[in-house]
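Residue numbers (our numbering): 26 to 314.
Reviewing the structure listed below.
Below is the structure:
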């Protein structure tokens with residue numbers, strides 16, 4: 026069984042926590058998490074890949090075990106997150122990597138891809154959006170905040186960091202909830218409830234709108250670079266429904282698309298089905314040590 030190491034390094038004077046496992050000279054797989062979780066979402070996947078791959082899973086500032094500077098002194102933006110992850114990879118001397126992107130991990134990873142397109146060896150996409158078709162009704166109050174950056178619009182999004190919503194993200198669309206560990210939403214909620222974290226998350230909801238104008242650039246990267254791509258998507262996801270999965274095939278016609286009867290955090294109840302697909306895909310696409 027591969028051993029996972031839990032480490033923290035300074036990037037821009039901010040402590041960035043990451044999980045790492047696998048041989049130091051193996052091809053790198055970078056795991057980029059979503060909201061409201063952290064690298065914790067990959068805790069079960071990491072050992073299933075790390076016998077053949079060097080797996081690195083960071084926590085963004087404000088998430089998980091990474092530092093959470095005050096939002097008035099630190100820019101909580103997706104552009105900044107991409108710079109932070111890039112800085113981490115530079116310190117770890119990682120120059121090429123396959124990326125698993127999920128939720129917030131998609132715009133973070135795709136911004137990295139725009140900066141260093143030659144470094145991306147493959148993509149695994151799980152409920153992470155790059156097409157406007159994927160922004161359905163769930164996003165309407167967030168879009169209203171993008172249009173009107175007012176205290177009222179900001180406060181209206183407070184429900185997104187409440188315990189009911191955190192649990193909803195794990196159980197909505199799941200046919201067998203007994204497969205979902207309730208420690209997931211308890212773990213995430215404790216971190217969301219840290220002093221100052223609510224404003225961090227509200228800043229990020231506002232900044233998510235900055236990703237949408239980049240969608241054409243993300244799509245151009247897909248078309249021009251044609252990275253080998255595996256799409257594994259919880260098709261019952263209310264936040265990023267399958268409407269956002271199918272458009273990838275317009276720009277990545279050779280991609281594999283697999284839809285699963287589950288919701289947002291598909292790894293929680295479909296790991297036994299998804300992990301073998303990822304292993305086989307990586308072996309075909311980037312090889313192993």
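Here a beta-carbon is modelled for each residue, glycine too, at the ideal position from N, C-alpha and C.
This one's a predicted model, so the numbers in the text were calculated from it and none came from an experiment.
Check	Outcome
Strand pairing of residue 239, partner residues [DSSP]	Residue 239 is not bridged to any residue.
CA-to-CA distance, residue 240 to residue 48, given in whole angstroms	35 Å
Which of helix, strand or coil DSSP assigns to residue 44	strand
Buried/exposed call for residue 41, threshold 16 Cβ in 10 Å	buried
Beta-carbon gap between residue 66 and residue 293 smaller than 9 Å	yes
Rounded straight-line distance, which links the Cα of residue 69 to that of residue 180	35 Å
Residue 64 - containing alpha helix (DSSP H), residue span	Neither: residue 64 is in no alpha helix (DSSP H) and is coded neither H nor E.
Completely contained alpha helix (DSSP H) runs for the region 251-287, where each covers 4 or more residues	273-276
CA nearest to the CA of residue 38, picked from 62, 108, 77 and 80	108
8 Å CB neighbourhood of residue 92 in its chain, flanking five on each side removed	39, 40, 41 and 86
Nearest to residue 149 (by Cα), restricted to the options 56, 50 and 133	56
Pick from 81, 169, 299 and 228 that is closest to residue 95, judged by C-alpha positions	228
Residue 302 versus residue 287: straight-line alpha-carbon distance, rounded	16 Å
Euclidean distance between Cα positions of residue 153 and residue 174	25 Å
Spatially closest choice to residue 120 from 158, 133, 137 and 129, by CA coordinates	137
Continuous beta strand (DSSP E) stretch holding residue 29: start and end	29-36
C-alpha distance - residue 206 paired with residue 215, whole-angstrom precision	15 Å
Same chain only: Cβ atoms within 7 Å of residue 269, ignoring 5 sequence neighbours per side	154, 156, 158 and 159
Collapsed DSSP secondary structure at residue 83 in the structure displayed	strand
Under 9 Å between C-beta atoms of residue 151 and residue 256	yes
Terminal residues of the beta strand (DSSP E) in which residue 151 lies	145-151
CB of residue 289 within 9 Å of CB of residue 308, strictly	no
Endpoints, beta strand (DSSP E) assigned at residue 122	122-127
Closest residue to residue 284 among 277, 299 and 278 (Cα-Cα distance)	299
Short Cβ contact (9 Å threshold) for residue 101 with residue 197	no
Cut-off 7 Å between Cβ atoms - residues of its own chain near residue 190, not counting five sequence neighbours on either side	184
Local Cβ density within 10 Å of residue 90, reported as buried at 16 or more and exposed below that	buried
Classification of residue 50 by the beta-carbon crowding that lies within 10 angstroms, buried from 16 upward	exposed
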